[in-house]
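Enquirer: Mind having a look at this structure? Questions to follow.
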Amino acid sequence: MFDFFSKEYLLETEMRGDIAVRILRRIITIRETEEFIARKIESGDIRCPCHLAVGQEATPSVLAEFLNPEDRVYGTHRSHHQYLAVTDDVEGLLAEVLGKKNGCAKGMGGSQHLINIEKGFGGSVPIVGGTIPIACGAALAMKLKDNRSIAIPFFGDGATEEGVFHESLNLASVMKLPVCFIAENNLFASHLHILERQPETSLCRFAKAHLIENIQLDGNDVISLYDHLKQIIRYVRDERLPYFVEVMTYRWKGHVGYREDLDVGVKRKEDLSIWKTEKDPIGRLLSKYESLKDTYENFIREVHKRIEKAWEFAKQSDYADKDFLLSCVYCED
Amino acid sequence: MKITYAEGIRLGFEYLLENYKDVFVIGQGVWSPWYVGSSMEGLDKKFGRERVIDTPVSENAVTGLCVGAALNGMRPICVHPRMDFAVLCLDQLVNEAAKWRHMFGGQVKIPMVARLIINRGGEQGAQHSQALQSWLAHIPGLRVVIPYTPNDARDLLISATLCDDPVVYIDDRWLYEQQEEAKPIQIYSLSKEALKCIHEGTDITLVGSGYTSLLCKNACEKLKDVISCDVFDLRILNPMNLQPVFESVKKTGRLLVVDGGWSSCGVASEVIARVVEHLRDVTVLKCAPRHITLKNAPAPTSRYLEQIYYPNVEDACKTILDMVKM
Numbered sequence: 001m002f003d004f005f006s007k008e009y010l011l012e013t014e015m016r017g018d019i020a021v022r023i024l025r026r027i028i029t030i031r032e033t034e035e036f037i038a039r040k041i042e043s044g045d046i047r048c049p050c051h052l053a054v055g056q057e058a059t060p061s062v063l064a065e066f067l068n069p070e071d072r073v074y075g076t077h078r079s080h081h082q083y084l085a086v087t088d089d090v091e092g093l094l095a096e097v098l099g100k101k102n103g104c105a106k107g108m109g110g111s112q113h114l115i116n117i118e119k120g121f122g123g124s125v126p127i128v129g130g131t132i133p134i135a136c137g138a139a140l141a142m143k144l145k146d147n148r149s150i151a152i153p154f155f156g157d158g159a160t161e162e163g164v165f166h167e168s169l170n171l172a173s174v175m176k177l178p179v180c181f182i183a184e185n186n187l188f189a190s191h192l193h194i195l196e197r198q199p200e201t202s203l204c205r206f207a208k209a210h211l212i213e214n215i216q217l218d219g220n221d222v223i224s225l226y227d228h229l230k231q232i233i234r235y236v237r238d239e240r241l242p243y244f245v246e247v248m249t250y251r252w253k254g255h256v257g258y259r260e261d262l263d264v265g266v267k268r269k270e271d272l273s274i275w276k277t278e279k280d281p282i283g284r285l286l287s288k289y290e291s292l293k294d295t296y297e298n299f300i301r302e303v304h305k306r307i308e309k310a311w312e313f314a315k316q317s318d319y320a321d322k323d324f325l326l327s328c329v330y331c332e333d
Numbered sequence: 001m002k003i004t005y006a007e008g009i010r011l012g013f014e015y016l017l018e019n020y021k022d023v024f025v026i027g028q029g030v031w032s033p034w035y036v037g038s039s040m041e042g043l044d045k046k047f048g049r050e051r052v053i054d055t056p057v058s059e060n061a062v063t064g065l066c067v068g069a070a071l072n073g074m075r076p077i078c079v080h081p082r083m084d085f086a087v088l089c090l091d092q093l094v095n096e097a098a099k100w101r102h103m104f105g106g107q108v109k110i111p112m113v114a115r116l117i118i119n120r121g122g123e124q125g126a127q128h129s130q131a132l133q134s135w136l137a138h139i140p141g142l143r144v145v146i147p148y149t150p151n152d153a154r155d156l157l158i159s160a161t162l163c164d165d166p167v168v169y170i171d172d173r174w175l176y177e178q179q180e181e182a183k184p185i186q187i188y189s190l191s192k193e194a195l196k197c198i199h200e201g202t203d204i205t206l207v208g209s210g211y212t213s214l215l216c217k218n219a220c221e222k223l224k225d226v227i228s229c230d231v232f233d234l235r236i237l238n239p240m241n242l243q244p245v246f247e248s249v250k251k252t253g254r255l256l257v258v259d260g261g262w263s264s265c266g267v268a269s270e271v272i273a274r275v276v277e278h279l280r281d282v283t284v285l286k287c288a289p290r291h292i293t294l295k296n297a298p299a300p301t302s303r304y305l306e307q308i309y310y311p312n313v314e315d316a317c318k319t320i321l322d323m324v325k326m
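Same order as they appear, the protein sequences are chains W and X.
If you count by my numbering, then the first sequence holds residues 1 to 333, one letter each, in order.
If you count by my numbering, then the second sequence holds residues 1 to 326, one letter each, in order.
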């Protein structure tokens, strides 16, 4: 493994208090927005399929510390958390989930198609593995333009079962592309546990096969994520080489919608209660930074107000014009 | 000066690589002497292997790479040396390239070309012979072009690459040796471009695309003393503009479409359907429209069966005579 704690890469890694505050704010924004969406699904106000990311907030919230708007983050069907971490666009997300023209995809995407080019969120789409080669292509463009940007495809453990994932890792390795692959291993693809789909739970073996530097991290430990991602992103940016990060995490909700999938027989009740308590990224961060507790309470109130306002804005927005159905198929009519 | 179809393609690449910094070419076999015939000869040496990139055997990821690069300011041309191989990249072409602009409310563009080569015959068999243009022409968001003449091979490649939409460019190895006088480069706006009349006549309307345009032209030549054919080369399969064909059929009252793919849900059926729908008054038709396509079977391997399998000029002449006599 590449030693980024060697003297060349040895940096001050202790996370300062103000950084912890920023990261906490992102995590809370995601957590509360996702819980809000869950309630609105349950009440029938939101009908678009939403794959919620409660519990998986930490990784993108930390990663956002190290990105520039020129970098490109790509996601999947489950990308609200990545989108919010990178863009902080609660308003655009809620309007999009309702299919309104003020949404981040102008009301044409819904929950599974999010984009915000200005802020560096290159796009999320639900075909599993679909954005992995696209992120590599973004990195190839960056390489050909000889700039310092990097590309980051987020994907889940299910995507590692797609052929295009392996093709993409191989390409990134032989073509030396500045890509930081981030596999969010939440142990489930839909209803199936990873051990019912793969011979072991760790995904780093795929990176090893393609000779890509790799690491498995605790995806719910903000402090460790901060230490490592800081070095890793610097490595990808400076060395112009790929890196593979596997973050172990868990989603509190079911595959899609507001329920927890206990009702449909997915056996995860005991694990879920552990992930919701001792492995909760918020609780763990607060226990390390005692001083954040007051800030936490304030943030929660602030975020709630913001979400309510964003929801009203979204509800009052119009749907995309019907002309839009045909006018954005091609650039030229 | 005369140029061949293969030279036309190579000249198109040269023009693009020479004049547009954002263009690069990527695909299996682009450094190889045999994968893509002479249509890309020497490009890697002239423009460097950073811009003319040969790849691992990964059709889907390489196509996805082009989608990503196109989303980020480049104009990639992705080469699949057999159309059959491109079946492995349909996810990226159909689910991603064709849809991103629409899914994201027109906020992005994907100016990429997927060059798919039809290379049949020569006892290559079922997985090295397919002409699947009708699949791709089915998809909103993709433009599909299929040149027949050497000048068009060059100009449609350039126009496709400079177009801001994803374009499938289909060329045909059976046309590579075709020659014509070189004309100055013409850059088309694909949204405004349509099919071309390649021979004027009054008795019957013939419609082809790519290699089958040549087939129609040859049939027209062969029958010129007895039958006068109005011959069209489709050039652009999606979005398809058939206006000149509508006018022609009103004049001739007869329509024969020849396509290099299969019949079922194919390009030929589409042309006939649109013409009939457009005519409204079908009494202008002197006989029912007909089409010639591949037989409903995968491509065989032996030379003997290949001769039976692929439509030829004799088949076209026979059908034309049959239709005009009626």
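Just so it is clear, CB atoms sit at the ideal spot from N, CA and C, and this is done for glycine as well.
Since this is a predicted model, take the numbers as computed values, not measurements.
Have a look at the DSSP bridge pairing and note the partners of L192 of chain W.
Expert: To locate residue 192 of chain W, count along the first sequence from 1; it is residue 192. Its beta-bridge partners are W:A189.
Enquirer: Consult DSSP for T205 of chain X and reduce its assignment to one of helix, strand or coil.
Expert: In the second sequence, residue 205 of chain X corresponds to position 205, counting from 1. Strand at T205 of chain X.
Enquirer: Given that E167 of chain W touches chain X, what residues does it touch there, using C-beta distances under 7 angstroms?
Expert: Indexing the first sequence from 1 puts residue 167 of chain W at position 167. Under the 7 angstroms cutoff, chain X gives S58, N60 and A61.
Enquirer: Of the residues X:C89, X:Q127 and X:P81, which one's Cα is nearest the Cα of V36 of chain X?
Expert: In the second sequence, the residue the question calls residue 36 of chain X occupies position 36. For the residues X:C89, X:Q127 and X:P81, the minimum Cα distance to V36 of chain X belongs to X:P81.
Enquirer: If we require 3 or more residues per run, which beta strand (DSSP E) segments fall completely within the stretch 89–146 of chain W?
Expert: Complete beta strand (DSSP E) runs here, min 3: 121–124.
Enquirer: For F104 of chain X and chain W, any beta-carbon pair shorter than 9 angstroms?
Expert: As a position in the second sequence, residue 104 of chain X is number 104, starting the count at 1. So yes, F104 of chain X belongs to the interface.
Enquirer: Would you mind working out which of W:D318, W:T76, W:K309 and W:I233 sits nearest N68 of chain W, comparing C-alpha positions?
Expert: Residue numbering aside, residue 68 of chain W sits at position 68 when the first sequence is read from its first letter. With distances taken between Cα atoms, N68 of chain W lies closest to W:I233.
Enquirer: L17 of chain X to Q178 of chain X, Cα distance in whole Å?
Expert: Taking the first residue of the second sequence as position 1, residue 17 of chain X is located at position 17. Taking the first residue of the second sequence as position 1, residue 178 of chain X is located at position 178. L17 of chain X and Q178 of chain X: Cα-Cα distance of roughly 24 angstroms.
Enquirer: Rounded to the nearest angstrom, how far is the Cβ of I198 of chain X from that of V226 of chain X, given a contact under 8 angstroms?
Expert: Taking the second sequence and counting its residues from 1, the one referred to as residue 198 of chain X is at position 198. Taking the second sequence and counting its residues from 1, the one referred to as residue 226 of chain X is at position 226. At roughly 19 angstroms, the Cβ-Cβ gap does not stay under 8 angstroms, so I198 of chain X and V226 of chain X are not in contact.
Enquirer: Just how far apart, CA to CA, sit D88 of chain W and G121 of chain X?
Expert: As a working note, residue 88 of chain W is residue 88 in the first sequence. As a working note, residue 121 of chain X is residue 121 in the second sequence. Between D88 of chain W and G121 of chain X, the C-alpha separation is close to 57 angstroms.
Enquirer: Could you list which residues in chain W have their beta carbon closer than 8 angstroms to that of P140 of chain X, in chain order?
Expert: Locating residue 140 of chain X in the second sequence gives position 140, counting from the first residue. Those are V329, listed as they occur along chain W.
Enquirer: Measure from the C-beta of R235 of chain X to each C-beta in chain W and report whether the shortest distance is under 9 angstroms.
Expert: The residue labelled residue 235 of chain X in the question sits at position 235 within the second sequence. Judged by the 9 angstroms Cβ criterion, R235 of chain X is not in contact with chain W.
Enquirer: Check the DSSP bridge columns for P153 of chain W and list the partner residues they point to.
Expert: Looking up residue 153 of chain W in the first sequence gives position 153. Beta-bridge pairing links P153 of chain W to W:Y74.
Enquirer: Does DSSP put R31 of chain W in a helix, a strand or coil?
Expert: By one-based count along the first sequence, residue 31 of chain W stands at place 31. In this structure, R31 of chain W counts as helix in the three-state DSSP scheme.
Enquirer: Can you list, in chain order, the residues of its chain with a C-beta nearer than 8 angstroms to that of G283 of chain W? Leave out the 5 residues immediately preceding and following it.
Expert: Position 283 of the first sequence, counting from 1, holds the residue named residue 283 of chain W. Correct list, in chain order: T277.
Enquirer: If I measure Cβ to Cβ from F36 of chain W and keep anything under 7 angstroms in the same chain, skipping five residues before and after, which residues do I get?
Expert: Your numbering for residue 36 of chain W matches position 36 in the first sequence. Within the same chain, F36 of chain W has close Cβ partners I307.
Enquirer: What residues from chain W crowd round Q243 of chain X, counting only those whose CB sits closer than 8 angstroms?
Expert: Taking the second sequence and counting its residues from 1, one reaches residue 243 of chain X at position 243. The premise fails here: Q243 of chain X is roughly 16 angstroms from chain W at the closest Cβ pair, so nothing lies under 8 angstroms.
Enquirer: Tell me whether E12 of chain W sits in a helix, a strand or coil according to DSSP, three-state version.
Expert: Locating residue 12 of chain W in the first sequence gives position 12, counting from the first residue. Legend: pLDDT at E12 of chain W = 49, less than 50; position of this residue unreliable, value from coordinates given subsequently. Coil, per DSSP.
Enquirer: Is the CB of P60 of chain W under 9 angstroms away from at least one CB in chain X?
Expert: By one-based count along the first sequence, residue 60 of chain W stands at place 60. Not one chain X Cβ lies under 9 angstroms of P60 of chain W.
Enquirer: Using a Cβ-Cβ cut-off of less than 9 angstroms, give me the residues of the stretch 130–142 of chain W that come near chain X, in sequence order.
Expert: Result list: G130, T131, I132, P133, I134, A135, C136, G137, A138, A139, L140, A141 and M142.
Enquirer: For the 8 angstroms Cβ check, are there 3 or more pairs between the stretch 31–46 of chain W and the stretch 79–98 of chain W?
Expert: With a cut-off of 8 angstroms, the stretch 79–98 of chain W and the stretch 31–46 of chain W count as touching, because enough Cβ pairs lie within range.
Enquirer: Please confirm if V79 of chain X has its CB atom under 9 angstroms from at least one CB of chain W.
Expert: As a position in the second sequence, residue 79 of chain X is number 79, starting the count at 1. No, because no Cβ of chain W sits closer than 9 angstroms to the Cβ of V79 of chain X.
Enquirer: Measuring straight from C-alpha to C-alpha, what distance separates I139 of chain X and V94 of chain X?
Expert: For the purposes of this step, residue 139 of chain X is identified with residue 139 of the second sequence, where counting begins at 1. For the purposes of this step, residue 94 of chain X is identified with residue 94 of the second sequence, where counting begins at 1. The straight-line gap from Cα to Cα measures roughly 7 angstroms.
Enquirer: Give the straight-line distance between the Cα atoms of K286 of chain X and K295 of chain X, rounded to the nearest whole angstrom.
Expert: Position 286 of the second sequence, counted from the start, is the residue given in the question as residue 286 of chain X. Position 295 of the second sequence, counted from the start, is the residue given in the question as residue 295 of chain X. About 26 angstroms.
Enquirer: So which residues of chain X does A356 of chain W contact, with C-beta pairs closer than 9 angstroms?
Expert: The requested residue 356 of chain W does not occur in the structure, where chain W is confined to residues 1 to 333.
Enquirer: Terminal residues of the continuous alpha helix (DSSP H) containing V324 of chain X?
Expert: Position 324 of the second sequence, counted from the first residue, corresponds to residue 324 of chain X. V313 to K325 is the extent of the alpha helix (DSSP H) around V324 of chain X.
Enquirer: Which residues bound the alpha helix (DSSP H) around G163 of chain W?
Expert: Stepping through the first sequence from its first residue, residue 163 of chain W is reached at position 163. G163 of chain W -> alpha helix (DSSP H) spans G163 to V174.
Enquirer: What does G27 of chain X reach in chain W if we use C-beta pairs closer than 9 angstroms?
Expert: By one-based count along the second sequence, residue 27 of chain X stands at place 27. Within chain W, no residue comes near G27 of chain X; the closest Cβ sits about 13 angstroms away, beyond 9 angstroms.
Enquirer: Does chain W have any CB closer than 9 angstroms to the CB of Q92 of chain X?
Expert: Position 92 of the second sequence, counted from the first residue, corresponds to residue 92 of chain X. True, the Cβ-Cβ gap to chain W drops below 9 angstroms.
Enquirer: What does K109 of chain X touch in chain W if you count any residue whose Cβ is under 7 angstroms from its own?
Expert: Sequence index remark: in the second sequence, residue 109 of chain X carries index 109 (1-based). Simply C331.
Enquirer: On the premise that R154 of chain X lies in contact with I185 of chain X, defined as a C-beta separation below 8 angstroms, what is that separation, rounded to the nearest angstrom?
Expert: The residue you call residue 185 of chain X lines up with position 185 of the second sequence. The residue you call residue 154 of chain X lines up with position 154 of the second sequence. 7 angstroms between Cβ atoms; contact.
Enquirer: For a minimum of 3 consecutive residues, which ranges assigned as the beta strand (DSSP E) are wholly contained in the stretch 176–262 of chain X?
Expert: List check, beta strand (DSSP E) in window: 179–181, 196–199, 204–208, 229–233, 236–238 and 255–258.
Enquirer: Consult DSSP for M248 of chain W and reduce its assignment to one of helix, strand or coil.
Expert: Looking up residue 248 of chain W in the first sequence gives position 248. Note: M248 of chain W maps to strand in three-state DSSP.
Enquirer: Taking contact to mean 3 or more Cβ pairs, one atom from each stretch, closer than 8 angstroms, check whether the stretch 48–68 of chain W and the stretch 224–233 of chain W are in contact.
Expert: In short, these stretches touch, since the Cβ pair count reaches three.
Enquirer: Applying the criterion that 16 or more other CB atoms from any shown protein chain within 10 Å of the CB defines a buried residue, is K253 of chain W buried or exposed?
Expert: Residue mapping note: residue 253 of chain W aligns to position 253 of the first sequence, counting from 1. Answer is buried; the Cβ neighbour count reaches 16.
Enquirer: Just checking: is the beta-carbon of R26 of chain W within a distance shorter than 9 angstroms of some beta-carbon in chain X?
Expert: Against the first sequence, residue 26 of chain W aligns to sequence position 26. No, no contact with chain X.
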